[in-house]
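One structure is given here, and the rest of the page talks about it.
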Amino acid sequence: MSQPFRSADIRQAFLDFFVSKQHTVVSSSSLIPHNDPTLLFTNAGMNQFKETFLGMEPRDYTRAVSSQKCVRAGGKHNDLDNVGYTARHHTFFEMLGNFSFGDYFKQAGIAYIWEFLTSDEWLGIDKDRLYVTIYETDDEAFDIWNKDIGIPSDRIIRIGDNKGAPYASDNFWTMGDTGPCGPCTEVFYDHGPEIEGGLPGTPEEDGDRFIEIWNCVFMQFNRQKDGTMLPLPAPSVDTGMGLERISAIMQGVHGNYEIDLFVHLMDAAAVILDIQNEQQSSLKVIADHIRAVAFLIADGVLPSNEGRGYVLRRVIRRAVRHGNKLGAENEFFFKMVAPLVAEMGAAYPELKDKQSAIENAIKKEETQFAKTLAQGLRLLASELTDLQDGDTLSGEAAFKLYDTYGFPLDLTADITRERGIVIDEAEFDEHMQAQRTRARDAGKFDVDYSSVIQVESPTEFIGYEQLEENNVNVIALYQDGKSTEHLDEGMEGVVIIDRTPFYAEGGGQVGELGEIRTTTGVFEVQDTKKSGQAIIHYGVVNMGRVSVQQTADAHVLSDVRAASAKNHSATHLLHAALKVVLGDEVAQKGSLVSSDVLRFDFAYDKPVSSAEIMRVERLVNEQIQANAPACIENMPIDEAMQKGAVALFGEKYGSDVRVLTMGTDSIVDGQRKPFSIELCGGLHVQRTGDIGVFKIVSESGIAAGIRRIEAVTGMGAIKYIQQNDQQLSTLASQLKVKRPEVAQRVQTMADKQRDLEKQLERLQQKMASAQAASLLDDVQTIAGTPVLISMVEGIDGKSIRPLMDDIKSKLQDSVIVLVGDKDGQLALAANVAKSVTARIKAGDIVRHLAGELGGKGGGKPDYAQGGASKTDNIGAVITALPAWIESQLG
Ligand code: SER
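Under numbering that gives the first Met the number 0, the sequence shown has 861 at position 862, and the numbering climbs by one with no breaks.
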């Protein structure tokens, strides 16, 4: 019988084979796992059977076969970074699998695999090309392969816990951190000696010569969160074979990207991009990524900033950047959907059904990313100019690319790795963490702290008209969340009165401050909030005692209210001015108005330039100087909307709303339109002139796509301007120039300093070269290899590379480890001659050193670099290094 050749025929042959062995065909499940929070995407054929393996979901069959859509991007099994760089990794792939639920186990599991792969009736693969691996201690599997199947023992490789922990092994498969798992046996295919790579278990195993084609897991345990392995109700089998890999073998090609399906997709991409298909890695990336993207969107994922949506966004952006590298100037990626449907639509009708929705979603994301891609690439190029192979890009730069230009970290890493540069991920994480904290603080204002206090009687708010009110009634007091009759001097608590002039936190404005006085005591109001329909005053009794049912006088601090009102009204003017300068799409995401400062958060995907900031300030101050009235009216919400009023973020409105109109009118489409018109329940100035002056003090990003402006008004602004003015005067006098010349002077000084640093660097290099010659005396021979280990004073991460280059040119076929020591910082560098990298890798040496010294680093097999802070154990670590190198060189 002739063997199947096309991918589609191989898929069918696989299903047919297992049907002939009494398996039930089960369709692929969605890429979005149902009811399984431990899993980001479906990443293996067994996912949909997880509960069945655990004995919790019996099925009416005990043998199953499937061809499953899988995505391995993000999550535990993540191949995204490898795509385009190896012959066999994909973000999306199809997994052919057969399963036994307490039916057959090792014996039949192995026999089926061998029959399907090698029998002439099925794939007929040459047995001499196949090798197998087993879990180190699995003698039973060894005997089945060796005695029953007849594989020579030198073709059966035992792999132990090679990933650094018990059961962390290439031959022990776990679905995630928890769930069904067990030892496995894998079949490898030898693509031939002309391809680089070694057998599993050798240092060259990552090459493309010996490729794993089939993994057969002997499911025996249910792994718990704490690492405990509980036995499964019945030993089972779960196998998986990548359709793309087996297709490559059947089609006599060495890489997955040469199989029918990928050749067609890459040809299509080349036509769309108007280039030749020369198997460029970027074309491979595009052909791979369109599959993951289209299938994910078909299964209901859309690009977003978190979870699955963020993985999808990362994959699309990576594809777009590779298209850009191949010269694409406009949206192109969405055009790949049609050729994909032509290839895979028959087997997966959901692609055909949702084709236009998939195209639209991709195109939208491409358009959005196009806005910042070019700018981000320019910034990255300038950050990279001074860096060389083996250097590190700062986490701050990577974060800026993420935050401002929408570059996911792995996208930046994809670009830097093309030049052998790694990213300081720890520093990136620090920035990310700081941003989360800022975002959390921004969100804090929505939290209802008063939920512990159960008061439902409505309070009358009279603060719009007045600052104080006499003869109000104290109706309830609370301490520590419990109702009480009295609050005594020194006690903190909550006071509730029937009518209040205190504005409760809301609409971005903080709660008001002041005093509530009774005949027996004074309660200082430190904050005011809402709880249900009640307004509650938090604070402390400063004098005497306050009791329930007393009458009281309530006074709001007038200058604090006036300052808050200025800031609140200025926030509205700022919002309107931002729409004028940046465009109508500026949407408010939050605000905070206190008496000291106003903050305004809004959705905008890049920093606001200083010229734009100045325009915004000028517009707001023009409105202030126009001294137009601030008009407050109550009206039905429909009428307000008709007038073009802006509704505020996070607010709930009733049918009647309070509308604030401010500033000069302009004529838009023949209608008078005030500068600002917004729904607002807050406290405001009477006329814009009351604000005095408006000054922006900062502009920053607080979350991806969210900017924050902070500004001051009135006397706060005057104070800020005076302080800045004072600082400039001090600088001018210290630099001994006139104020307008300060910037020029600083520039001259910076240029001079750069020149000096360069001179210093040249001198250090000269010294290093002289030092290099003397270091050669310390060369020792370890396991027949010349090894030089040396600490060098005054050398930092930048100057260690030239020193290394110098020594390496004088010391062939060697291992060189240098530890630079400057200003309390250690620079770690290792160079391993190409002829020695099979025995020891520079990256491993630097990682070992960094591990011992509490630093970080890594790199390639022949050169790697890292850093650490100097600690007391450095001497001991260096002394112990030759022995460690010897153990590696073996
Ligand atoms: N679950 C195993 C794997 O994904 C075999 O199907 O490799």
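The C-beta atom is built at its ideal place from N, Cα and C for all residues, glycine as well.
For the set M174, I274 and I124, the Cα lying nearest the Cα of N77 is the one of M174.
Around the Cβ of F4, a 10 Å sphere holds fewer than 16 other Cβ atoms; the residue is exposed.
For the pair K855 and G842, the CB atoms are not nearer than the 9 Å cut-off.
With a contact defined as Cβ atoms closer than 8 Å, E632 and V615 miss out at about 27 Å. Relative to T238, the option among G73, F368, I194 and N46 whose CA is nearest is N46. D804 sits in a helix when the DSSP states are folded into three classes. A Cβ-Cβ contact shorter than 9 Å links I461 with T499. Unbroken beta strand (DSSP E) runs of no fewer than 3 residues, entirely contained in the segment 172–236, are found at 178–189 and 209–222, following chain order.
The beta carbon of V736 sits closer than 7 Å to those of R744, all from its chain and outside the five residues before and after it, given in chain order. Contact check for A291 and V314: beta-carbon distance about 5 Å, within the 8 Å limit, so the pair qualifies. Counted as a single uninterrupted DSSP element, the alpha helix (DSSP H) harbouring R320 occupies residues G306 to K324.
At a Cβ-Cβ threshold of 9 Å, I806 and L787 count as neighbours.
When L30, G394, D600 and I839 are compared, the shortest CA-CA separation from S699 is found for D600.
With a cut-off of 8 Å on Cβ pairs, the segment 471–487 is not in contact with the segment 557–564, counting fewer than three such pairs. Counting C-beta atoms within 10 angstroms of its own C-beta, R671 has fewer than 16 neighbours from the protein chains shown and is therefore classed as exposed. Proximity of the beta carbon of C679 to the ligand SER is not indicated: no heavy atom of the ligand is located closer than 8 Å.
For T90, the distance from the CB to the nearest heavy atom of the ligand SER is not below 8 Å. By the criterion of a C-beta distance shorter than 8 Å, K869 is surrounded in its chain by D820, G823, Q824 and L825, once the five residues flanking it on both sides are discounted.
Inter-segment contact for the segment 236–254 and the segment 83–94 is present: three or more beta-carbon pairs are separated by less than 8 Å. Excluding sequence positions up to five before and after I245, its CB lies within less than 7 Å of the CB of I9 and I212, all in the same chain and listed in chain order. In this structure, the CA atom of T177 is about 29 Å from the CA atom of R846.
Fewer than three beta-carbon pairs drawn from the segment 633–647 and the segment 602–619 are found closer than 8 Å, and the two stretches are therefore not classed as touching. Distance from the CA atom of G492 to the CA atom of E514, rounded to whole angstroms, is 13 Å.
Inclusion of G520 and V540 in the CB contact set at 9 Å is warranted, their separation being smaller than that value. Taking a contact to require three or more Cβ pairs closer than 8 Å, the segment 153–160 and the segment 218–228 do not qualify as touching.
Taking a contact to require three or more Cβ pairs closer than 8 Å, the segment 52–69 and the segment 11–27 qualify as touching. For A43, the distance from the CB to the nearest heavy atom of the ligand SER is below 8 Å. Spanning the alpha carbons of L572 and Y463 requires a straight line of approximately 20 Å. Secondary structure at S675: strand, using DSSP grouped into helix, strand and coil. Burial is judged here by how many other beta carbons sit within 10 angstroms of a residue's own beta carbon; P151 has fewer than 16 and is exposed.
Here DSSP, grouped into helix, strand and coil, assigns D273 to coil. Along the segment 39–67, the alpha helix (DSSP H) occurs as fully enclosed runs of 4 or more residues at 49–52, listed in sequence order. Following the DSSP letters along the chain, one finds R377 inside the alpha helix (DSSP H) bounded by residues Q354 to L383. Less than 9 Å divides the Cβ of M431 from the Cβ of Y401.
H33 is classed as exposed because its beta carbon has fewer than 16 other beta carbons within 10 Å across all chains shown. Not one heavy atom of the ligand SER sits closer than 8 Å to the Cβ of M640.
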